[in-house]
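For reference, the structure is listed below as structure tokens.
Residue numbers (this note's numbering), protein chains in the order written: chain A, 409 to 756; chain B, 409 to 756.
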């Protein structure tokens with residue numbers, strides 16, 4: 409019984425609300441039979457959904473709250489007036505040790521502000537970063553920040569590089585990760601000041617792996633580095649631009665295979681292989697961004713995802729726990745920071 | 409004879425240098441028999457290339473200069489010490505009326521700084537913007553800035569919106585273009601200050617078409633708007649991220665069609681349709697970004713393109729002239745600015 413894991417869910421987050429969250433939890437329940445759910449939200453909306461999923465209900469505890477953080481709420485407002493919101497109570501469950509992680513598809517900024525306030529950051533971390541994996545020519549890479557920190561100074565970028573480095577070592581198992589700063593050119597003088605400064609610090613720092621300096625937008629999908637470091641504004645737009653393009657190419661392909669009888673026959677023959685590819689590129693597979701730099705597992709699901717995508721975000725929270733990622737990353741981050749005191753001094 | 413058009417070429421720009429530029433000019437020569445070329449570069453390198461292309465040589469004048477702007481040169485340095493560079497002399501040819509436009513695959517920042525200095529900006533324009541077309545679900549859209557202005561204030565973004573609006577009306581023939589500001593969320597309070605301010609001004613301004621407010625990265629490929637307005641840092645990374653993703657999906661497809669005998673047969677049947685799609689998505693087709701807001705046609709070719717791509721960039725310069733785009737955009741820009749004095753006042 410001690411091997412059971414409790415995951416807290418914000419039932420009210422996401423464009424499709426409780427219906428999507430509960431269906432997602434039900435998919436996750438089948439995948440992760442060791443998980444119990446602590447679900448926060450409006451009983452009148454969530455209760456009936458659970459009533460129809462008896463097996464999920466059996467492993468779930470529903471905690472009623474009327475309050476909900478709106479998609480348009482400012483993080484500072486949400487932090488002050490959302491103390492009883494489903495999002496905040498779910499985070500509190502992690503803080504109090506009643507849950508091993510929290511998953512929300514709600515307002516990113518509010519989730520970040522509340523998680524930072526309630527869970528606190530790791531020693532030496534100014535701001536946590538939202539990190540996620542994406543497919544590349546060579547497998548998968550990690551990018552951070554994906555939108556939690558819209559404006560970043562050099563110190564934040566350096567922190568992200570160190571956290572991403574530690575995370576890649578722990579999760580990807582790449583002991584000598586390559587990492588780079590996203591910029592508009594690879595030449596040393598390109599980009600704004602914070603990038604220049606962060607690059608100079610990282611060049612001197614002695615992190616494991618290899619700092620390749622500046623990388624460009626097309627390096628993301630090429631998998632030029634294991635860890636792409638960027639501010640949240642750029643990272644969010646780069647990621648969504650890539651997602652939109654993959655969708656566009658998919659749509660063009662659909663039209664192409666319908667454009668002639670031969671093409672249609674070709675599709676039928678290649679269908680099983682093409683379906684594998686479609687699954688591989690399904691953005692729902694990559695749903696679930698991790699807040700790095702916090703004392704606790706916080707996973708942000710895409711607001712527009714469906715139940716399948718939300719189940720994957722729950723999977724991220726489960727993986728983080730089963731592999732003790734927070735502990736390992738924390739230890740690795742501390743060791744890296746200790747080894748490279750100039751990081752703190754220079755970027756302080 | 410009066411219908412002939414002279415295009416100035418910087419023979420020394422681009423990763424592959426004169427060989428790529430001259431081969432590109434030769435492709436363009438076949439497409440645009442009305443064009444004469446005024447080519448600037450090192451005679452010892454460019455001369456022999458021209459000697460081998462007699463028909464191109466017949467419509468070309470080679471002007472020797474030893475000086476070249478390096479890919480890593482800072483714009484300010486290039487501006488001061490590159491007065492006799494191939495890039496600068498090609499721009500001067502436009503300034504002096506000896507050429508109707510200039511095409512360079514060289515250092516973007518230097519091209520921007522030199523063109524701005526030599527050609528001057530349109531009345532009311534603080535900084536020119538680099539604009540380019542890209543394929544979407546609904547056809548093509550325009551995005552600006554693509555990397556000429558790494559840091560932008562609200563005034564720049566508003567200028568870009570007005571110039572993009574005028575350009576879309578003149579080139580795309582969309583008289584009521586939709587346009588939006590690229591951001592990390594569509595909610596009104598998202599993003600940094602310059603975006604908030606620009607959005608407030610554009611909301612009040614009475615530009616033709618429809619200001620849809622903030623758009624996100626995935627809206628680019630979806631074709632949500634005709635004109636995507638953004639700073640050069642974000643625009644460059646969004647565009648390259650999209651290009652990298654398209655390339656990745658293409659590579660995945662290649663592997664998929666080789667993954668089984670059936671898939672391979674399917675490919676053979678669909679090949680002609682798939683080749684059409686490949687051509688449609690070929691980034692070289694979209695090569696050639698226009699500097700908007702200048703008194704003169706300046707086209708920036710991707711530095712890493714090949715002869716085919718460079719020929720397309722020359723085609724952009726030709727089109728700009730044949731359709732009097734600068735004159736029309738200038739008139740439209742002036743009219744829009746006059747109609748909306750608050751643009752100048754608020755963003756001044």
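All C-beta atoms in this analysis are idealised placements derived from N, C-alpha and C, irrespective of residue type, glycine included.
query                                                                                                                        : result
Residues that DSSP places opposite residue 544 of chain B in a beta bridge                                                   : B/547
C-alpha distance - residue 533 of chain A paired with residue 567 of chain A, whole-angstrom precision                       : 7 Å
Chain B within 8 Å of residue 445 of chain A, Cβ atoms only                                                                  : no
Same chain, Cβ closer than 8 Å to residue 588 of chain A, five either side skipped, listed in chain order                    : 619, 620, 621, 622, 623, 627, 632, 633, 635, 636, 637
Residue 575 of chain B burial status per 10 Å Cβ neighbour count (16 or more: buried)                                        : buried
Within chain B, the residues that residue 642 of chain A reaches when beta carbons sit closer than 8 Å                       : 641, 642, 645
Residue 736 of chain A (DSSP reduced to helix, strand or coil)                                                               : helix
DSSP-derived helix/strand/coil call for residue 744 of chain B                                                               : helix
Residue 474 of chain B at chain A interface by Cβ criterion, 8 Å                                                             : no
Per-residue contacts from residue 659 of chain A into chain B (C-beta, under 7 Å)                                            : 545
Helix, strand or coil at residue 535 of chain A according to DSSP, with G and I counted as helix                             : coil
Contact set between the region 611-635 of chain A and chain B, restricted to residues whose Cβ is under 8 Å from the partner : 624, 625, 626, 627, 628, 629, 630
As assigned by DSSP and simplified to three states, the class of residue 517 of chain A                                      : helix
Where residue 755 of chain A falls, given that 16 or more other Cβ within 10 Å makes a residue buried                        : For residue 755 of chain A, the predicted model reports a pLDDT of 47, less than 50, meaning its position is unreliable; a value from the coordinates is still stated below. Label assigned to residue 755 of chain A: buried.
Secondary structure, beta strand (DSSP E): runs of 3+ residues fully inside the region 436-513 of chain A                    : 443-449, 468-472, 509-512
Inter-residue spacing [alpha-carbon to alpha-carbon] between residue 640 of chain A and residue 553 of chain A               : 5 Å
Residue burial classification, residue 720 of chain A (beta-carbon count within 10 angstroms, cutoff 16)                     : buried
Span of the beta strand (DSSP E), counted from its first residue to its last, around residue 707 of chain B                  : 706-708
Cross-chain neighbours of residue 648 of chain B in chain A, by beta carbon under 7 Å                                        : 624, 625, 626
For residue 615 of chain B, three-class secondary structure by DSSP                                                          : coil
One or two residues paired with residue 413 of chain B in a DSSP bridge                                                      : B/443
Cβ-Cβ distance between residue 656 of chain B and residue 545 of chain A below 8 Å                                           : yes
Segments assigned alpha helix (DSSP H), at least 4 residues, entirely inside the region 623-676 of chain A                   : 625-630, 640-665
Inter-residue spacing [alpha-carbon to alpha-carbon] between residue 558 of chain A and residue 600 of chain B               : 7 Å
Min CB distance residue 655 of chain B to chain A below 8 Å                                                                  : yes
Under 9 Å (Cβ pairs) to chain B, residues found in the region 671-689 of chain A                                             : 671, 672, 673, 674, 675, 676, 677, 678, 679, 680, 681, 682, 684, 685, 688, 689
Euclidean distance between Cα positions of residue 540 of chain B and residue 437 of chain A                                 : 48 Å
Check whether residue 555 of chain B and residue 643 of chain B have beta carbons under 8 Å apart                            : yes
For residue 565 of chain A, the first and last residue of its enclosing beta strand (DSSP E)                                 : Note, residue 565 of chain A: premise wrong, no beta strand (DSSP E); alpha helix (DSSP H) at 562-575.
Under 8 Å between C-beta atoms of residue 700 of chain B and residue 664 of chain A                                          : no
Near-chain B residues of the region 708-736 of chain A (beta-carbon distance less than 7 Å), N- to C-terminal order          : none
Any chain A beta carbon closer than 8 Å to residue 425 of chain B                                                            : no
Straight-line gap, residue 422 of chain A to residue 457 of chain A (C-alpha atoms, nearest Å)                               : 16 Å
Proximal residues of chain A, C-beta to C-beta of residue 514 of chain B below 9 Å                                           : Near residue 514 of chain B there are no residues of chain A at all, since even the closest Cβ is about 13 Å away, more than 9 Å.
Alpha helix (DSSP H) segment containing residue 723 of chain B, residue limits                                               : 715-730
Through-space distance from residue 726 of chain B to residue 687 of chain B, alpha-carbon basis                             : 22 Å
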